[in-house]
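Peer 1: Below: one structure in structure tokens.
Residue numbers (my numbering): 1 to 262.
Listed below in structure tokens is the structure:
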């Protein structure tokens, strides 16, 4: 039995709170992501992971040490780190002659790999290379997807779902206009995926509704899809299943009068 699978009885209040935080809930916590460097990660891959970490903070864990593993061949290392850091999303970076500047983005279900898509970085512009003002840490982004292939092709549809899962951030009860200041734009065309980041600038327009301008702030990535590891339809439906407590109650045999009273 794995050390992380054992039944652990807390001996302190702090340990009890820690275990309660990891217990299943009707409304789950915001998903955390782990960013891992492969054993042969180069400077470009390292900078990409740092920039994605800056975008994802505070819901991310960046592993600075290199880890010699191949997710498409052996997933036990990813599953171990998932349990250890309580992360259900991951981004793994590596580099070799056959697959240069390689990224593998994926998600977990019950601490086992559910979906995994390999992307190659063909062009990269980092946050520090664009000398514009940045959004504060923890800003919830607006996600925009352009390209019919995101709705037609099954692999691209699953990639879209995975990117939404990765970048969506916390669920909020309400939104204020000034909080809409960060845009992540994904365009799929001619077999490539273009990721662009923009800061929303609200300018005076002479009326109540401000004039909106977009200012690129980075990171900027040109990606190409390589290998995929997608869950079966049955397992994917199981991962989307909601607990009964979240479903609205059904009321029967209720009649209403003319004024709408019951």
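We put the CB at the ideal spot given by N, CA and C, even for glycine.
1) In angstroms with no decimal places, state the Cα-to-Cα distance between residue 152 and residue 202.
2) Do you know how far the Cα of residue 95 is from the Cα of residue 41?
3) Check the C-beta distance from residue 85 over to residue 108 and give it rounded, since I have them as a contact under 8 Å.
4) In whole angstroms, what is the alpha-carbon distance linking residue 159 and residue 150?
5) Count the CB pairs spanning the segment 131 to 145 and the segment 28 to 38 that are closer than 8 Å, and state whether there are at least three.
6) Enumerate in chain order the residues of its own chain whose CB-to-CB distance from residue 288 is below 8 Å, with the five nearest sequence positions on each side excluded.
7) What are the boundary residues of the alpha helix (DSSP H) that residue 73 is part of?
8) The alpha helix (DSSP H) spanning residue 52 covers which residue range?
9) If we define contact as Cβ-Cβ less than 8 Å, is residue 91 a contact residue for chain C?
10) Look at the alpha carbon of residue 63 and the alpha carbon of residue 51, and state the distance between them as a whole number of angstroms.
11) With a CB to CB cut of under 7 Å and the five nearest residues on each side skipped, what residues in its chain are close to residue 99?
12) Could you check the C-alpha separation between residue 55 and residue 193 for me, to the nearest Å?
Peer 2: Straight from the coordinates:
1) Here residue 152 refers to the residue found at position 152 when the chain shown is read from its first residue. Here residue 202 refers to the residue found at position 202 when the chain shown is read from its first residue. So the alpha carbons of these two residues sit roughly 35 Å apart.
2) If you number the chain shown from 1, residue 41 lands on position 41. If you number the chain shown from 1, residue 95 lands on position 95. Counting only the Cα atoms, residue 95 lies some 5 Å from residue 41.
3) Counted from its first residue, the chain shown places residue 85 at position 85. Counted from its first residue, the chain shown places residue 108 at position 108. Wrong, their Cβ atoms sit about 11 Å apart, outside the cutoff.
4) As a position in the chain shown, residue 159 is number 159, starting the count at 1. As a position in the chain shown, residue 150 is number 150, starting the count at 1. Pairing residue 159 with residue 150, the inter-Cα distance amounts to about 8 Å.
5) The segment 131 to 145, when compared against the segment 28 to 38, does not touch it at the 8 Å Cβ threshold.
6) Residue 288 cannot be examined here, being either before or after the span of the chain that is shown, 1 to 262.
7) What you label residue 73 is simply residue 73 of the chain shown in a count that begins at 1. It is not in any alpha helix (DSSP H) - residue 73 carries neither H nor E in the DSSP assignment.
8) Sequence index remark: in the chain shown, residue 52 carries index 52 (1-based). Per DSSP, the continuous alpha helix (DSSP H) segment holding residue 52 begins and ends at 43 to 56.
9) As a matter of chain content, chain C is missing from the structure shown, which is built from one protein chain.
10) Within the chain shown, residue 63 is the residue found at index 63, counting from 1. Within the chain shown, residue 51 is the residue found at index 51, counting from 1. Residue 63 and residue 51: Cα-Cα distance of roughly 13 Å.
11) Within the chain shown, the letter at position 99 stands for residue 99. When the five nearest sequence neighbours on each side are left out, the beta carbons in the same chain lying within less than 7 Å of the beta carbon of residue 99 are those of 120, 226, in order along the chain.
12) Counting from 1 along the chain shown, the entry for residue 55 is found at position 55. Counting from 1 along the chain shown, the entry for residue 193 is found at position 193. Cα to Cα, the separation comes out at about 18 Å.
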